[in-house]
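Novice:
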Amino acid sequence: MNYLNKSITELHNLLINKEVTSEELIKEALTKSHEVNAKYNAFVTILDNAKPTEITDDLLSGIPFGIKDNYSTKDILSTGSSNTLNNYVPFFDATAVANLKKHNAVPVNKTAMDEFGLGGTGTTAHTGIIKNPWDPTRMCAGSSAGSACAVASGVYPYALGSDTGDSIRKPAAYCGIVGYKPTYGMISRYGLFPFASSLDHCGVLTRNVTDAAIVVDEMKSKDDKDMTSWDSSNINLYKNLTKDIKNKKVCYIKEICDINNYPNANQELKKHLDNFYQTLEKLKEIGVEVKEESVDKTLLNALASVYVVISCAEATSNLSNLTGIVFGPRKDSTNIFETMKKHRTEGFSPLIKRRFIIGSYVLQSENQERYFRNAQRVRRLLVDEWLKLFTKYDAIILPVSTGPAKKLDQNETIKNEENTILEEHLQIGNFGGFPSITIPNGFINNLPVGINITGNRYNDQTVLNIAYALEQQMNYQNQIAREINN
Amino acid sequence: MNEKTKYKAVIGLEMHCELKSNSKVFSSARNSFNEIPNDNIMPLDMGFPGTLPVTNKKCVSDAIKMALVLNCQIPKYMTFDRKNYYYPDLPKGYQITQFYNPVGTNGHITIEVNKEKKDVLIHDIHLEEDAASLDHYDDISCIDYNRCGVPLLELVTEPCLSTAEEAVAFLEHMRNTYRYCDVSEADSKKGQIRCDVNISIMDYDSQELGTKVEIKNVNSFGAVYDVINYEINRQSTLKDLGRYNEVEQETRRWDEETKSTIRMRSKADAIDYKYFPEPNIPPYEITSAWINEIKSSIPILPLERKNIYMTKYNLNDYDASIIIKNKAISDYYEECLKLNINPKIAANWVITQIIGSLNELDININDFYLTPNLLKQITDAIEKNIISSKQAKEIYQKSIDEQKEPKNFISIENSQITDETALQKIITNILNNNQTQIEQYKNGKTNLFDYFVGQVMKETRGKANPTLTKEILQKELNK
Amino acid sequence: MSKFTKEMVNDLANKLLIGLTEEENKMVLDEFEEIDKQIAKINSIPNIKDVVPMTHCLDDFKSELREDIATESIKIQDALRNSGATEAREIVVPKVVN
Chain B
630 MNYLNKSITE
640 LHNLLINKEV
650 TSEELIKEAL
660 TKSHEVNAKY
670 NAFVTILDNA
680 KPTEITDDLL
690 SGIPFGIKDN
700 YSTKDILSTG
710 SSNTLNNYVP
720 FFDATAVANL
730 KKHNAVPVNK
740 TAMDEFGLGG
750 TGTTAHTGII
760 KNPWDPTRMC
770 AGSSAGSACA
780 VASGVYPYAL
790 GSDTGDSIRK
800 PAAYCGIVGY
810 KPTYGMISRY
820 GLFPFASSLD
830 HCGVLTRNVT
840 DAAIVVDEMK
850 SKDDKDMTSW
860 DSSNINLYKN
870 LTKDIKNKKV
880 CYIKEICDIN
890 NYPNANQELK
900 KHLDNFYQTL
910 EKLKEIGVEV
920 KEESVDKTLL
930 NALASVYVVI
940 SCAEATSNLS
950 NLTGIVFGPR
960 KDSTNIFETM
970 KKHRTEGFSP
980 LIKRRFIIGS
990 YVLQSENQER
1000 YFRNAQRVRR
1010 LLVDEWLKLF
1020 TKYDAIILPV
1030 STGPAKKLDQ
1040 NETIKNEENT
1050 ILEEHLQIGN
1060 FGGFPSITIP
1070 NGFINNLPVG
1080 INITGNRYND
1090 QTVLNIAYAL
1100 EQQMNYQNQI
1110 AREINN
Chain H
257 MNEKTKYKAV
267 IGLEMHCELK
277 SNSKVFSSAR
287 NSFNEIPNDN
297 IMPLDMGFPG
307 TLPVTNKKCV
317 SDAIKMALVL
327 NCQIPKYMTF
337 DRKNYYYPDL
347 PKGYQITQFY
357 NPVGTNGHIT
367 IEVNKEKKDV
377 LIHDIHLEED
387 AASLDHYDDI
397 SCIDYNRCGV
407 PLLELVTEPC
417 LSTAEEAVAF
427 LEHMRNTYRY
437 CDVSEADSKK
447 GQIRCDVNIS
457 IMDYDSQELG
467 TKVEIKNVNS
477 FGAVYDVINY
487 EINRQSTLKD
497 LGRYNEVEQE
507 TRRWDEETKS
517 TIRMRSKADA
527 IDYKYFPEPN
537 IPPYEITSAW
547 INEIKSSIPI
557 LPLERKNIYM
567 TKYNLNDYDA
577 SIIIKNKAIS
587 DYYEECLKLN
597 INPKIAANWV
607 ITQIIGSLNE
617 LDININDFYL
627 TPNLLKQITD
637 AIEKNIISSK
647 QAKEIYQKSI
657 DEQKEPKNFI
667 SIENSQITDE
677 TALQKIITNI
687 LNNNQTQIEQ
697 YKNGKTNLFD
707 YFVGQVMKET
717 RGKANPTLTK
727 EILQKELNK
Chain V
80 MSKFTKEMVN
90 DLANKLLIGL
100 TEEENKMVLD
110 EFEEIDKQIA
120 KINSIPNIKD
130 VVPMTHCLDD
140 FKSELREDIA
150 TESIKIQDAL
160 RNSGATEARE
170 IVVPKVVN
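Protein chains in written order, with this note's numbering: chain B, 630 to 1115; chain H, 257 to 735; chain V, 80 to 177.
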């Protein structure tokens, strides 16, 4: 049996025609889950007693899927990959999960991630390092590492992710799959463990654009439990998906894409950018106007620190509820504050602690203006730059990262400063809440690389249509990871 | 109590008041007193991961209402901020409040202190959420989250008060105003009002402000009064002794048992709350249409009513003050006036009878059987001389006791005998049977006049019109 | 001389109810140096003070407020089931002293 490398619509037809049952699909997904977990450490929880659901007209009915472990799932362990919640079993579902369940979708596992999403490597989960299924010596990137790994490994056609900086879209690129985060507030964040509330997005990882459209159609809703959610009932991404994108205009940004920005570029980076320009040619072939634009480099240079300051500040506040009193392992002490401190000291990984301290520092009253508010000001300037481009273009198209997945033993702290913008520019999608999708656009040294398309707020359909049309011009959809022997 | 103190005190107040609503300010859990612990809770109130605040429209509306009453500036957008600190009664690790952009700023309100008017300046008023409550035992504390998320309005005055009397008068005025506006029960016994007091002293002729001491969580107006006088005394004594430098900028608390303030923390230990805008609550536009709608729901407030009662209806200060103390009573009174009951007579009924009955029955005037309409049946009957005022009181009581309309007791049978012929007949009869007493009367025992009146009343069971009775008796006895 | 010190880092951590090892403290200090350099990039942008800080993701967003309708309380079993110490209907903690 090998069904789960298929797309959602294929599986749905098989189920409707009774060529396969939901039970069989679940069994296959669970078997694969255990295999993948043994090899790549992708899951926190595998739901061995997952039950089949009735097959209906709903495309997702009866089909297994994965949920990132920072989604609250009723009666299922939800840890956010943190020791501070290593025993937390919520009594309510996140709205996005509840929506999918309503459509008879079947969760089969909870995927591992960087602790509470604060990391981009997939190496800080309390269950250990998550490995890339194309090459286990490499990272998946993060934080939705387990979800990306599982989808790329063919455990199921889709898994939920969350994206605060690029946490869906970068792992998707590193794992050779599709990662889509819609406009902020299209999917309710209720029940998503927060990292940085003004940047957090729910989204999905799939192996093709169509599946991403189908899943987000079912996840999204205006939710009276999330004031930032909005009514998208007039948006039907799947129904309106079209390859016809003639006369659409897209741009790329010179300060990010031009090889001359990278005097010390290695072979990987050169190939990656070459490949990017080749992909642009494919767009032109189907009638898309592609132009180069220029953006103030001083602004771009600041983007990574803007992200660090804002995300750390919000995170330190958001995760203040983790004290082990109402939930999470209770630590013994005769002093209440010692109880809380022990819980936090023993529960958080060093990386998270560092981020908290940075976040706390930039929020202190004497620092807030210089650090936090100035970061929020530059956030606006960057968003305004993107908004300006969206008055002329339907989308901005950019390469993801500096090449394929990085080696796990590569020291994270040694960063090549000239590559920072290229590594971090997807964060602007979070700054402005823009719909943004990454799709695979080739291979470098047998490892997948990705390209990103970002559009204006509420214009998810255009973004998906461009991605869909481009996907058809290439041959990387529905690919399943094949371990390479480097 | 009112002797001039040696130093001038400079006092500012922070008044927290729980708002009345069906649900909490950011969660849909009930906002009501509940003796069962953790029975008014939604996931947000316990800080469960992934839960989000959703602002209650009524709470925002009531906050705007009070900002308007306090003549504050209202911002264009309603926004909230996080106040970050760790405490076991704060499950999210932060309180949602309004720091950068309160719903009302730069206001003022006129109060009365010992019949004198005083303008109190308002720094700001803002909407926030309450914390959980902790019950303390020998070694443990228990957390009840029912109160967590209950809407609070925090009102901050400028340091413009100078005595304990003024402070308490302001608090009482505000309590009454909250009740008039129907936004809070404002019951300090139920913990619905809590105050912080800022206080410093300075020489009368000085421009230089003294060192400010803050006293937190003073939970009754009596305690506010005591705290202020205690602190004025403490600080003055130190100043007198040349040890004013021992007055520190610090936070203290009131200890009810020892009737003294106790140091909690100095300014150096002050917590940096790291306030920042709440990203989960988008700014909400406060339109002028909405402000107007809210404005129109503000009733005429007590001091204005008092003014009307005194100038238009000629009530005295005392009577007017009593009536405005309670909005429902004041509303009742105004309803009586609408029914054309004479203002003074209505005031008299309310003050001498109705308030007493309410206390006796331990009920609110809204639950009082005798509505203004029913009261009018009595006052009309008096006016038409159908009943005496003595009878009126009896009918009033009967009507309340039996929950029957007064008119049932104002029948022809019960009505006063005002018919002169009828009364003449009764009196002639009585005089015929009391020849001895007539003799004595005529011989100078004039106090027997009252005896004859009494006999008439006895015969008529009190229904004889007293004036007419006296007239006829005079005439007959002087024959 | 750096404006960031070990003591300052420990103080920040303490206020967050977090204990740090020596090594973790050192890492924070290194990171602070790095971030301060980065912040310089932010502060080098001209006329930054004239920009309104962006506090929300969709800052043109029209939100709605909730009608004042109360819902039934969550079940007490659900409320307490994840807490390490409860008694009757409440969560128990070591005695909180003012």
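Using N, Cα and C, we set each Cβ at its ideal position, and we do this for glycine too.
1. Residues of chain B with a CB under 7 Å from the CB of arginine 168/V: which are they?
2. Buried or exposed for tyrosine 1022/B, please, with buried defined as at least 16 other CB atoms from any protein chain shown within 10 angstroms of its CB.
3. How do the stretch 686-697 of chain B and the stretch 732-745 of chain B stand: do at least 3 beta-carbon pairs fall below 8 Å, yes or no?
4. With three or more beta-carbon pairs closer than 8 Å as the criterion, would you say the stretch 91-108 of chain V touches the stretch 922-929 of chain B?
5. For leucine 909/B, which residues of its own chain have a beta-carbon under 6 Å away from its beta-carbon, when the five flanking residues on both sides are left out?
6. Can alanine 545/H be considered in contact with the ligand FAD, in the sense that its beta carbon sits closer than 8 Å to one or more heavy atoms?
7. Run down chain V in chain order and give the residues with a C-beta less than 7 Å from the C-beta of glycine 832/B.
8. Do you know how far the Cα of tyrosine 700/B is from the Cα of leucine 821/B?
9. Give me the Cα-Cα distance between threonine 1042/B and arginine 286/H, rounded to the nearest whole angstrom.
10. Within its chain, find whatever has a CB closer than 6 Å to the CB of glutamate 1014/B; leave out the 5 residues flanking it on each side and keep chain order.
11. Kindly indicate which residue of Lys472/H, Leu595/H, Asn501/H has the alpha-carbon position closest to the one of aspartate 636/H.
12. Can you tell me the Cα-Cα spacing of threonine 685/B and tyrosine 787/B, whole angstroms?
13. Go through its chain and collect everything with a Cβ distance to aspartate 400/H's Cβ below 7 Å, but skip five positions before and after it.
14. Report yes if the C-beta distance between lysine 668/B and leucine 633/B is below 9 Å; otherwise report no.
15. Taking C-beta pairs closer than 9 Å, name the residues in chain B that asparagine 340/H reaches, listed in chain order.
16. Give a yes or no on whether 9 Å exceeds the smallest Cβ distance from arginine 959/B to chain V.
17. Give a yes or no on whether 9 Å exceeds the smallest Cβ distance from serine 277/H to chain B.
18. Where do the ends of the alpha helix (DSSP H) carrying methionine 87/V lie?
19. Output, in chain order, the set of chain B residues within a Cβ distance shorter than 7 Å of lysine 82/V.
20. Is there a Cβ of chain V sitting closer than 9 Å to that of aspartate 795/B, yes or no?
21. Any idea what DSSP makes of serine 672/B, helix, strand or coil?
22. How many whole angstroms separate the CB atoms of valine 503/H and leucine 494/H, which I take to be in contact at a CB cut-off of 8 Å?
23. At least one CB of chain B closer than 9 Å to the CB of alanine 149/V: is that the case?
24. Entirely within the stretch 669-724 of chain B and at least 3 residues each: give me those beta strand (DSSP E) ranges in chain order.
25. Could you run through the stretch 856-869 of chain B and flag, in chain order, every residue whose CB is less than 9 Å away from some CB of chain H?
26. If the cut is a Cβ gap below 9 Å, which residues of chain V does arginine 286/H touch?
27. Determine the burial state of glutamate 639/H: buried for a count of at least 16 other Cβ atoms within 10 Å of its Cβ, exposed for fewer.
28. Would you mind stating whether threonine 857/B and histidine 135/V have Cβ atoms separated by less than 9 Å?
29. Using the C-alpha atoms, what's the distance from tyrosine 1105/B back to alanine 781/B?
30. Give every residue of the same chain whose Cβ lies closer than 8 Å to the Cβ of glutamate 512/H, excluding the five residues on either side of it in the sequence, and list them in chain order.
31. Within the continuous beta strand (DSSP E) that includes arginine 767/B, where are the two ends?
32. Restricting to Cα atoms, I'd like to know which of Met302/H, Thr702/H, Ser440/H, Asn604/H is closest to serine 949/B.
33. Let's see if you can read the secondary structure: which residues bound the beta strand (DSSP E) around leucine 866/B?
34. How big is the Cα-Cα spacing for proline 558/H and valine 266/H?
35. Between glycine 363/H and asparagine 327/H, which are expected to be in contact by the criterion C-beta below 8 Å, what is the C-beta distance as a whole number of angstroms?
36. Assign asparagine 670/B to one of two classes, buried (16 or more other C-beta atoms within 10 Å of its C-beta) or exposed (fewer than that).
Specialist: Quick answer:
1. Within chain B, not a single residue places a beta-carbon under 7 Å from that of arginine 168/V; the smallest gap is close to 13 Å.
2. The residue is buried, with at least 16 neighbouring Cβ atoms inside 10 Å.
3. Yes, the stretch 686-697 of chain B touches the stretch 732-745 of chain B.
4. no
5. Only Val919 meet the Cβ criterion.
6. This structure lacks the ligand FAD, and indeed carries no ligand of any kind.
7. Those do not exist, as glycine 832/B stays about 14 Å from chain V at its closest Cβ, beyond 7 Å.
8. 5 Å
9. Confidence at threonine 1042/B is low in this model, with a pLDDT of 47, below 50, so its placement is unreliable and no value can be given for it.
10. Val924
11. Leu595/H
12. 19 Å
13. Pro293, Asn294, Ala388, Ser389, Asp391
14. No.
15. Thr945, Ser946, Ser949, Ser989, Leu992
16. yes
17. no
18. For methionine 87/V, the enclosing alpha helix (DSSP H) covers residues 85-94.
19. In chain order: nothing, as chain B lies at least about 11 Å away.
20. no
21. Residue 672/B is actually phenylalanine in this sequence, not serine. It is a strand residue.
22. 6 Å
23. no
24. 672-675, 693-697
25. Met856, Thr857
26. Ala149, Thr150, Glu151, Ser152
27. exposed
28. Going by C-beta atoms, threonine 857/B is nearer than 9 Å to histidine 135/V.
29. 12 Å
30. Ala479
31. In the DSSP assignment, arginine 767/B falls within the unbroken beta strand (DSSP E) covering 764-768.
32. Closest by alpha carbon: Met302/H.
33. Unbroken run through leucine 866/B: none, as it is neither H nor E.
34. 27 Å
35. Yes, they are in contact, since the Cβ atoms of glycine 363/H and asparagine 327/H sit about 5 Å apart, within 8 Å.
36. Residue burial is scored here from C-beta neighbours: asparagine 670/B has at least 16 other C-beta atoms within 10 angstroms and is therefore classed as buried.
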